[in-house]
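Participant:
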Amino acid sequence: MDIEFKSLLELKKRVTPALYTKLKELKKEHIKYVLLGNGSNVILAMNHYEGVIIKLDSLNEIKYNGNIVTAGAGCPLIKLASDTIAKGLSGLEFATAIPGCVGACTAMNAGAYNSDMASVVIETRCLNDKCEIVNLTNKELNYTYRDSFLKQHKEYIVLSTTFKLTPGDTLK
3 MDIEFKSLLE LKKRVTPALY TKLKELKKEH IKYVLLGNGS NVILAMNHYE GVIIKLDSLN
63 EIKYNGNIVT AGAGCPLIKL ASDTIAKGLS GLEFATAIPG CVGACTAMNA GAYNSDMASV
123 VIETRCLNDK CEIVNLTNKE LNYTYRDSFL KQHKEYIVLS TTFKLTPGDT LK
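Counting with the numbering used here, you get residues 3 to 174 for the letters of the sequence shown.
#1: Taking only three categories from DSSP, how would you classify residue 21?
#2: Per DSSP, what are the beta-bridge partners of residue 165 in this structure?
#3: Quick check for students: name the residue ranges of the alpha helix (DSSP H) that lie wholly in the segment 55 to 107, counting only runs of 4 or more.
#4: Could you tell me the alpha carbon to alpha carbon distance between residue 13 and residue 74, rounded to whole angstroms?
#5: I'd like to confirm the pairing. Which residues does DSSP put opposite residue 128 in its beta bridges?
#6: Look at residue 109 and residue 150 and say whether their C-beta atoms are less than 8 Å apart.
#7: For residue 34 and residue 68, what's the separation of their Cα atoms in angstroms?
#8: From residue 168 to residue 93, what does the alpha carbon distance come to, in whole angstroms?
#9: Return the CA-CA distance between residue 95 and residue 84, expressed in angstroms with no decimal places.
#10: Between the segment 132 to 140 and the segment 53 to 73, are three or more C-beta pairs nearer than 8 Å?
#11: Who are the near neighbours of residue 127 in its chain, counting only those whose CB is closer than 7 Å to its CB and skipping five residues on each side?
#12: Which residues does DSSP list as the beta-bridge partners of residue 145?
#13: Measuring CA to CA, which of 105, 100 and 106 is closest to residue 117?
#14: Do residue 124 and residue 37 count as a contact pair if the criterion is CB distance below 8 Å?
#15: Along the chain, where does the alpha helix (DSSP H) containing residue 153 start, and where does it finish?
#16: Looking only at its chain, what residues have a beta carbon closer than 7 Å to the beta carbon of residue 44, apart from the 5 residues adjacent to it on each side?
#17: Can you tell me the Cα-Cα spacing of residue 80 and residue 139, whole angstroms?
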């Protein structure tokens, strides 16, 4: 089957509809796929993987609404933490040295220095196993130490995560 995946990686503004369409095609044709954020912590043996690799790094937008911040799954967590600190928002200081993107860090409840994603995530927007867009609240994410509903249900794909941060002195 010939599917044009290059367009998926290049469509920044339409990436969610494109991702939705391509995933539906892949599932219909029973084609294996793997999702990557930036792929900075991954080594792939390309000659051994018979499937499609979808890179989500174009899902990197950050939106601010006061102290409520939404970041795309492909946004590097270090960038998000640095940007929010620069804007005088507190809550993601623990993430300034955590590699990885928002999507994976949301799923695995990344954390450091006695704090973690569970302490700041309000909800996450995902594609479920039926390629339907769903919002999962912090409670529905069922966070525990380095674990969550998303880590246990890998068929869910994080599109974005919304955080509640605190305005204030980020240097404390």
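Glycine included, C-beta positions come from ideal geometry on N, C-alpha and C.
Facilitator: Taking the definition as stated:
#1: helix
#2: 71 and 123
#3: 79 to 88
#4: Unreliable placement is indicated for residue 13, whose pLDDT of 36 sits below 50; the coordinate value is still reported in the next sentence. Those two C-alpha atoms are separated by around 14 Å.
#5: 136 and 160
#6: yes
#7: 40 Å
#8: 6 Å
#9: 8 Å
#10: no
#11: 135, 137, 161 and 162
#12: Bridge partners of residue 145: none, in fact.
#13: 100
#14: no
#15: 151 to 154
#16: 38
#17: 23 Å
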